[in-house]
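J.: With the first letter of the sequence shown counted as 1, position 132 gets the number 131 in numbering that gives the first Met the number 0; the numbers rise by one all the way through.
Sending over a structure as structure tokens; questions will come in a sec.
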Amino acid sequence: MASRDIMRSTTRGFKKYYSPGAVKDMVRLDTNTNVLGSNPAAMRYLKEQKIDLNDYPVTYSDNLRYALASLYGLEMDNFVVGSGSDEVLDISFKTFTEWGDNCLVPYPSYTLYDYFAQMNGGSVMFSELTEDFQLDVGDIISSEAKIVIIASPNNPTGNSFRQKDIEEVLAGFKGIVIVDEAYGEYSNRSMIPRVNEFDNIIVLRTFSKAYAMAALRVGYAVANKDIADMMNSVKIPYSLNSLSEGAAIAAVKDQDFIERSREMVLTERPKLESGLSKLGFLPFASDSNFILARSPIDHSALTDALKRKGILIRDFGSKRRMENCVRFTVGTEEMNNDLLNAIKCILEEA
């Protein structure tokens, strides 16, 4: 039996990422993808497209970078495109950290940030969020880390960080500041329009959430041209396939779907929050398409009971500062009603 001693020392403690197993016919309120279904413009593109499989993709996805530049009023050279924002995050570490450099991550936040830091030979430091889940700006600025990663809206807490706090971090932190806006389409705050004002910011975005294209693995970074050029120099050429790039371009041009998705969440999120509160949950304020809430019964019992009823949610109840908390993706009105009715039955049985 092989020992983990043969693994790279920085990866020996790694465990496989969340995987719920067979999910056919399950209602998925656990991954925060778009409950309205596949992006219609991307689907039309894929159905109509005839592509020469013998051709390489465009080396640095220039056509998608141009489409994104048009969307945001920036230039193509402000963008780095990759196979999911995960690849772009990995590029950030490969570009700006040496082996052994520290990465600072607010806590609680997205668990995979630790993975990328350690995969690239770094150590992870944590900065505790305040009681209302906001940044401790002084703690971050005083850190000697090489990179800090700030998710806004934050996952799994759901809230956006104050713009002035992010600006203070950018002004005072000596290293690279990554602002992960994976759920940015659901928030009215973004640092993308201001990337040219700072020499140390990288903003991440993904097509996996609001754009409803998780299967195609498309993500991108936005930064000033110098930072973006450094990252594109490190990026693996051809990493985004031609079909994904073309579908993403079609999706960028269909902002009506994004607006419809955003409006659905803005309408249904307060209803779900109210329904959970009436059932004895303690929901936390959210600027995203999900709600973190403290459960009135044991978190594991609730998660397992909902799974038996065909509904998947995420369980964070064993993690520090999120004791007995679970996370719900905001569904359609019908999905949310089914969820609340299922929870009501579970609570009555309990």
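Ideal placement from N, C-alpha and C gives every residue a C-beta, glycine not left out.
Using the Cα positions of residue 213 and residue 267, report the straight-line distance between them to the nearest angstrom.
T.: Here residue 213 corresponds to residue number 214 of the sequence shown, with the count starting at 1. Here residue 267 corresponds to residue number 268 of the sequence shown, with the count starting at 1. Rounded to whole angstroms, residue 213 to residue 267 spans 22 angstroms at the Cα level.
J.: Please name the residue, chosen from 65, 207, 100, 190, that lies closest to residue 199 on a Cα-to-Cα basis.
T.: As a working mapping, residue 199 is identified with position 200 in the sequence shown. Among 65, 207, 100, 190, the Cα nearest to that of residue 199 belongs to 190.
J.: Runs of 3 residues minimum, wholly inside the region 201-243: which ones carry the beta strand (DSSP E) assignment?
T.: With a minimum length of 3 residues, the continuous beta strand (DSSP E) runs that stay inside the region 201-243 are 218-221.
J.: Counting pairs of Cβ atoms below 8 angstroms between the region 117-135 and the region 81-99, do you hit three or more?
T.: Touching, yes, given that three or more Cβ pairs across the two stretches are closer than 8 angstroms.
J.: Residue 326 and residue 155 look like a contact to me (Cβ under 8 angstroms); what is the Cβ gap, rounded to whole Å?
T.: Translated into positions along the sequence shown, residue 326 becomes position 327. Translated into positions along the sequence shown, residue 155 becomes position 156. Right, their Cβ atoms sit about 5 angstroms apart.
J.: According to DSSP, is residue 105 part of a helix, a strand, or is it coil?
T.: Locating residue 105 in the sequence shown gives position 106, counting from the first residue. Strand, per DSSP.
J.: Quick check: residue 309 and residue 25, are their CB atoms within less than 8 angstroms of each other?
T.: Position 310 of the sequence shown, counting from 1, holds the residue named residue 309. Position 26 of the sequence shown, counting from 1, holds the residue named residue 25. In contact: residue 309 and residue 25 (Cβ atoms closer than 8 angstroms).
J.: What are the complete alpha helix (DSSP H) segments, minimum 4 residues, inside the region 53-77?
T.: 61-71, all fully within the region 53-77.
J.: Between the C-alpha atoms of residue 351 and residue 318, what's the straight-line distance to the nearest angstrom?
T.: Here the chain covers residues 0 to 349 and nothing more, so residue 351 does not appear.
J.: Is the region 281-297 in contact with the region 150-164, if contact means three or more CB pairs nearer than 8 angstroms?
T.: Touching, yes.
J.: What's the gap between the Cα of residue 264 and the Cα of residue 0?
T.: As a first step, residue 264 must be located in the sequence shown, where it is residue number 265. As a first step, residue 0 must be located in the sequence shown, where it is residue number 1. If you take the alpha carbons of residue 264 and residue 0, they lie about 49 angstroms apart.
J.: Out of curiosity, what's the CA-to-CA distance linking residue 48 and residue 165?
T.: As a working mapping, residue 48 is identified with position 49 in the sequence shown. As a working mapping, residue 165 is identified with position 166 in the sequence shown. If I take the Cα positions, the gap works out to 42 angstroms.
J.: Do the region 172-182 and the region 142-149 meet, that is, are 3 or more Cβ pairs less than 8 angstroms apart?
T.: Touching, yes, given that three or more Cβ pairs across the two stretches are closer than 8 angstroms.
J.: Can you tell which of 346, 126, 334 has its C-alpha closest to the C-alpha of residue 36?
T.: To locate residue 36, count along the sequence shown from 1; it is residue 37. Answer by Cα proximity: 334.
J.: Take the Cβ of residue 19 as the centre, count every other Cβ of all protein chains shown within 10 Å, and call the residue buried at 16 or more, exposed below.
T.: Taking the sequence shown and counting its residues from 1, one reaches residue 19 at position 20. Exposed, by the Cβ-count rule.
J.: Going by beta carbon distance, what residues of the same chain come within less than 7 angstroms of residue 251, once the five residues before and after it are set aside?
T.: Taking the first residue of the sequence shown as position 1, residue 251 is located at position 252. So the qualifying residues of the chain are 66, 67, 70.
J.: In this structure, how does DSSP classify residue 259 when only helix, strand and coil are distinguished?
T.: Along the sequence shown, read from residue 1 onward, the residue named residue 259 stands at position 260. Residue 259: helix per DSSP, three-state reduction.
J.: I need the boundaries of the alpha helix (DSSP H) containing residue 303, first residue and last residue.
T.: As a position in the sequence shown, residue 303 is number 304, starting the count at 1. Residues 298-307.
J.: Which same chain residues end up closer than 7 angstroms to residue 312 when comparing Cβ atoms and leaving out the 5 residues on each side of it in sequence?
T.: Locating residue 312 in the sequence shown gives position 313, where the first residue counts as 1. Cβ within range, chain order: 28, 29, 302, 305, 325, 326, 327.
J.: If you check the beta carbons only, do residue 223 and residue 202 fall under 8 angstroms apart?
T.: Locating residue 223 in the sequence shown gives position 224, counting from the first residue. Locating residue 202 in the sequence shown gives position 203, counting from the first residue. No, the pair does not count as a contact, with Cβ atoms beyond the cut-off.
J.: Could you tell me the alpha carbon to alpha carbon distance between residue 363 and residue 282, rounded to whole angstroms?
T.: One cannot answer for residue 363 here, as it falls past the ends of the chain, which runs 0 to 349.
J.: Have a look at residue 211 and residue 241 and give me their C-alpha separation to the nearest angstrom.
T.: What you label residue 211 is simply residue 212 of the sequence shown in a count that begins at 1. What you label residue 241 is simply residue 242 of the sequence shown in a count that begins at 1. Cα-Cα distance, rounded: 18 angstroms.
J.: What first and last residue would you give for the alpha helix (DSSP H) that runs through residue 345?
T.: Walking along the sequence shown from the start, residue 345 turns up at place 346. Run containing residue 345: 332-348, per the alpha helix (DSSP H) assignment.
J.: Alpha carbon to alpha carbon, how far is residue 337 from residue 346?
T.: Here residue 337 is taken as the residue at index 338 of the sequence shown, counted from 1. Here residue 346 is taken as the residue at index 347 of the sequence shown, counted from 1. Each residue's alpha carbon lies about 14 angstroms from the other.
J.: Run through the DSSP bridge pairs and tell me what residue 289 is partnered with.
T.: Your numbering for residue 289 matches position 290 in the sequence shown. Paired residues: 328.
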